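Peer 1: My questions will all concern the structure given below.
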Amino acid sequence: MAQQLRTPAAEEALLRGHAAGKKDNPFPGKTKAPKPPRAGLCGVLRERKVVELARAKRRLVEVPYTATLAHTANALLAARVSAVAVAAPPGHWIGAGGSMILESDPATGAVRKHYIGMVNMLDILAHIAEAGDDNDAAADAAPSEAVDLDRRMAVPVSSVIGHSLEGLTLWTLHPNTSVLDCMETFSKGVHRALVPLESAAENVVAAELVEAAPGYRMVTQMDVARFLRARAAELGDAILSRSVRGVGVGGAVLAVASGTKVIEAVRAMPAASLAAVPVVDAAPADDADARRILLQLQDGRGKRVVETFSATDLRDCPVAELQAWLGVAVAEFKKKVAMYRAGVLAADADEDEERRREMVTCSPESTLGEAIEKAVAHHVHRLWVVDEEGLLAGVVSLTDVLRVVREAPIGEDRGVHDIPRLTTFFFFCRKDKKSMYLHCKLPWSAQCGCFRVVNFALFPSTSMDRFGLV
1 MAQQLRTPAA EEALLRGHAA GKKDNPFPGK TKAPKPPRAG LCGVLRERKV
51 VELARAKRRL VEVPYTATLA HTANALLAAR VSAVAVAAPP GHWIGAGGSM
101 ILESDPATGA VRKHYIGMVN MLDILAHIAE AGDDNDAAAD AAPSEAVDLD
151 RRMAVPVSSV IGHSLEGLTL WTLHPNTSVL DCMETFSKGV HRALVPLESA
201 AENVVAAELV EAAPGYRMVT QMDVARFLRA RAAELGDAIL SRSVRGVGVG
251 GAVLAVASGT KVIEAVRAMP AASLAAVPVV DAAPADDADA RRILLQLQDG
301 RGKRVVETFS ATDLRDCPVA ELQAWLGVAV AEFKKKVAMY RAGVLAADAD
351 EDEERRREMV TCSPESTLGE AIEKAVAHHV HRLWVVDEEG LLAGVVSLTD
401 VLRVVREAPI GEDRGVHDIP RLTTFFFFCR KDKKSMYLHC KLPWSAQCGC
451 FRVVNFALFP STSMDRFGLV
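Every letter in the sequence shown is one number past the one before it in full-length UniProt numbering, and letter 317, counting from 1, is 317.
What follows is the structure, given as structure tokens:
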């Protein structure tokens, strides 16, 4: 029987009921017989639970909602992570996407913290890029000087939640969610989700909006990739021996030229929702076109890949040096970051250090198993696919890999039932009635209860009468 889609208010009421030890039995007088374990690929992915991945993770890295963006960037660098949770006092905020992710005291059960969103380096890039849009003329003359980085990095971190598409929603997975259902969520482009180590909520859907627990861990696409690599023998060769060519890597690959200035790449990447781009051996956009942001991106197919420029490179750049480094070419910026990583800041440092680093690529004939091995070994989320001559032919990401691996056991699993394709809209109003959120739940698949929540708009109170809410 399909589960009914519940509103966040109903979910919160259910949480209180389960916390008090109340559980409804839909079949009074009957007990459920244990299901026999499934065999094969589906058995491995459906019987293993996401809590197994969460228990191996360290404590959640978080910052308070009052922290500045500079403090947040330093926290990302110190912890060597790509995203941090933003925590606020309970009862004062609407979580990203209308979520209600609460941390409770283990002893008393009292709510002590509300996670209102996630901030990653792409959010910070988008915020920095907005400065260039404010003064295009100055940006053309001196790109790095057009950005008052000190002022941009002094804003509270809560103000940049949702600058990237993924940041519009705070994802959480029930600890009893299967790895297969977790892969459903991650195969749609979600890179990370919070998992409570203990939960009083039912596993209604794989992606929850309401949750209260004494502690959380962050599970990412990379954690699932490590799981697949560690259990390659159990998964079998039927899937992992497939070639990368079959994943669908032949589409356009947006890239930047090695001579493109960092600030120009920073402005273009959030506009295209890209966290990383290949750096190709090609001429950058003409100066006359510098103001047209997306022209900094070009189709890199058929060009030689020389590097990768990603949001992580900005994370590894010290905030004190970032202002001066925004105006240099991407290739030079990569060298500076590499020298900083190695602790070599002298001008006569070994410039071959960066060249000795292996470019993480694969060929169209590489297997999915080889792609997973390379991604995990080098801790990268995408591999550039190159032909025999070393020219760019495509890209394969962890999102692509998880999608293909997940689709295989779906065919052999006969116990998954269809759910209705529902679209439900909700309105969320702030307590002060000054603003409201409109968002909706959209099912991703008729086979798995995974839902996406999207903030379509933030409306001022003067617009509420249009919806008959005031």
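Where is the CB? At the ideal position from N, CA and C, for every residue including glycine.
Quantities reported herein were computed from a predicted structural model and do not represent experimental measurements.
For P89, does the three-state DSSP call read helix, strand or coil?
Peer 2: It is coil, neither helix nor strand.
Peer 1: My output table needs one value for A154: the three-state DSSP class, helix, strand or coil.
Peer 2: Of the three classes helix, strand and coil, the one that applies to A154 here is coil, per DSSP.
Peer 1: Below 8 Å on the Cβ atoms is my guess for H114 versus A88; work out the distance and round it to an integer in Å.
Peer 2: Yes, they are in contact, since the Cβ atoms of H114 and A88 sit about 5 Å apart, within 8 Å.
Peer 1: If you follow the beta strand (DSSP E) that Y115 is part of, which residue opens it and which one closes it?
Peer 2: Taken as a continuous stretch (DSSP letters only), the beta strand (DSSP E) holding Y115 covers 111-120.
Peer 1: Going by the beta-carbon positions, is the gap between G300 and L383 smaller than 8 Å?
Peer 2: No, the Cβ-Cβ distance between G300 and L383 is not below 8 Å.
Peer 1: Just how far apart, CA to CA, sit T367 and T68?
Peer 2: Those two C-alpha atoms are separated by around 44 Å.
Peer 1: I'd like to confirm the pairing. Which residues does DSSP put opposite D223 in its beta bridges?
Peer 2: Note: D223 sits in no beta bridge, so no partner.
Peer 1: Please say whether R55 and L197 have beta carbons closer to each other than 8 Å?
Peer 2: Taking 8 Å as the Cβ cut-off, L197 and R55 qualify as a contacting pair.
Peer 1: Hey, G162 and G117 are a contact pair by Cβ (cut 8 Å); roughly how many whole angstroms apart?
Peer 2: Indeed, because the Cβ distance is near 7 Å, the residues count as touching under 8 Å.
Peer 1: Would the stretch 256-272 count as touching the stretch 371-386 if we require 3 or more Cβ pairs under 8 Å?
Peer 2: Flag = no, the stretch 256-272 and the stretch 371-386 do not touch.
Peer 1: What is the DSSP secondary structure of residue 484, reduced to helix, strand or coil?
Peer 2: Only positions 1 to 470 of the chain appear in this structure, which leaves residue 484 out of reach.
Peer 1: Looking at C-beta atoms only, is the number of pairs between the stretch 241-249 and the stretch 102-112 that lie closer than 8 Å three or more?
Peer 2: No: fewer than three Cβ pairs fall under 8 Å.
Peer 1: Return the CA-CA distance between M100 and T172, expressed in angstroms with no decimal places.
Peer 2: Cα-Cα distance, rounded: 10 Å.
Peer 1: Between the Cα of G369 and the Cα atoms of A375, L240, T169, P270, which residue gives the shortest distance?
Peer 2: Among A375, L240, T169, P270, the Cα nearest to that of G369 belongs to L240.
Peer 1: CA-CA distance, S273 and F309?
Peer 2: So the alpha carbons of these two residues sit roughly 14 Å apart.
Peer 1: State the start and end residues of the unbroken beta strand (DSSP E) segment that holds P364.
Peer 2: It is not in any beta strand (DSSP E) - P364 carries neither H nor E in the DSSP assignment.
Peer 1: Cα-Cα, which of V51, V44, A75 is closest to V319?
Peer 2: Among V51, V44, A75, the Cα nearest to that of V319 belongs to A75.
Peer 1: DSSP puts W325 in a beta bridge; with which residues?
Peer 2: In the DSSP output, where bridge partners are listed per residue, W325 has none listed.
Peer 1: Compute the Euclidean distance between the alpha carbons of V63 and G390, then round it to the nearest angstrom.
Peer 2: Cα to Cα, V63 sits roughly 42 Å from G390.
Peer 1: Check this for me: beta carbons of V306 and A331, under 8 Å apart or not?
Peer 2: Contact: yes.
Peer 1: Once the 5 residues before and after T72 are set aside, which same chain residues still bring their CB inside 7 Å of it?
Peer 2: Hits under 7 Å: V63, V84, V119, V157.
Peer 1: Considering only residues of the stretch 254-313, which uninterrupted alpha helix (DSSP H) runs meet the minimum length of 4 residues and lie entirely inside it, listed in chain order?
Peer 2: With a minimum length of 4 residues, the continuous alpha helix (DSSP H) runs that stay inside the stretch 254-313 are 262-271.
Peer 1: Assuming R192 and V219 make a contact with CB atoms under 8 Å, what is their CB distance in whole Å?
Peer 2: Rounded, the Cβ-Cβ distance is 7 Å, consistent with contact.
Peer 1: Looking only at its chain, what residues have a beta carbon closer than 6 Å to the beta carbon of R355, apart from the 5 residues adjacent to it on each side?
Peer 2: Any reading at R355 must be qualified, since the residue scores a pLDDT of 41, below 50, and its modelled position is unreliable; no value is offered.
Peer 1: Under a Cβ-count criterion, where at least 16 other Cβ atoms within 10 Å of its own Cβ denotes burial, should D150 be classed as buried or exposed?
Peer 2: With fewer than 16 other Cβ atoms within 10 Å, it is exposed.
Peer 1: Just the Cα atoms here: how many angstroms apart are residue 473 and R229?
Peer 2: Past the boundaries of the shown model lies residue 473; the chain is included only from 1 to 470, so the question cannot be answered.
Peer 1: Please check the pair V225 and A375, which I expect to be a contact at CB under 8 Å, by giving their CB distance rounded to whole angstroms.
Peer 2: One point to set straight first is that residue 225 is Ala, not Val, in the sequence displayed. The Cβ separation is near 6 Å, so the contact holds.
Peer 1: Tell me which same chain residues have a C-beta within less than 6 Å of the C-beta of V337, skipping the five on either side of it?
Peer 2: So the qualifying residues of the chain are D313, D316, C317.
Peer 1: Opposite L391 in the DSSP bridges: which residues?
Peer 2: Answer is R304.
Peer 1: For the alpha helix (DSSP H) that contains M339, what are its first and last residues?
Peer 2: Note, M339: alpha helix (DSSP H), 330-341.
Peer 1: Should L165 go down as buried or exposed, given a rule of 16 or more other Cβ atoms within 10 Å for buried?
Peer 2: Counting Cβ neighbours within 10 Å, L165 comes out exposed, since fewer than 16 surround it.
Peer 1: What residues are listed by DSSP as bridge partners for A193?
Peer 2: DSSP output for A193 lists V219 as bridge partner(s).
Peer 1: Tell me the DSSP bridge mates of A83?
Peer 2: BP columns for A83 point to N120.
Peer 1: Going by C-alpha to C-alpha distance, which of A329, K303, A311, Y340 sits closest to E321?
Peer 2: Of the listed residues, the one whose Cα sits closest to E321 is Y340.
Peer 1: In terms of residue numbering, what span does the alpha helix (DSSP H) encompassing R231 cover?
Peer 2: Run containing R231: none; DSSP gives neither H nor E here.
Peer 1: Are the CB atoms of residue 471 and M121 nearer to each other than 8 Å?
Peer 2: Outside the shown range of the chain, which is 1 to 470, sits residue 471, and nothing can be said about it.
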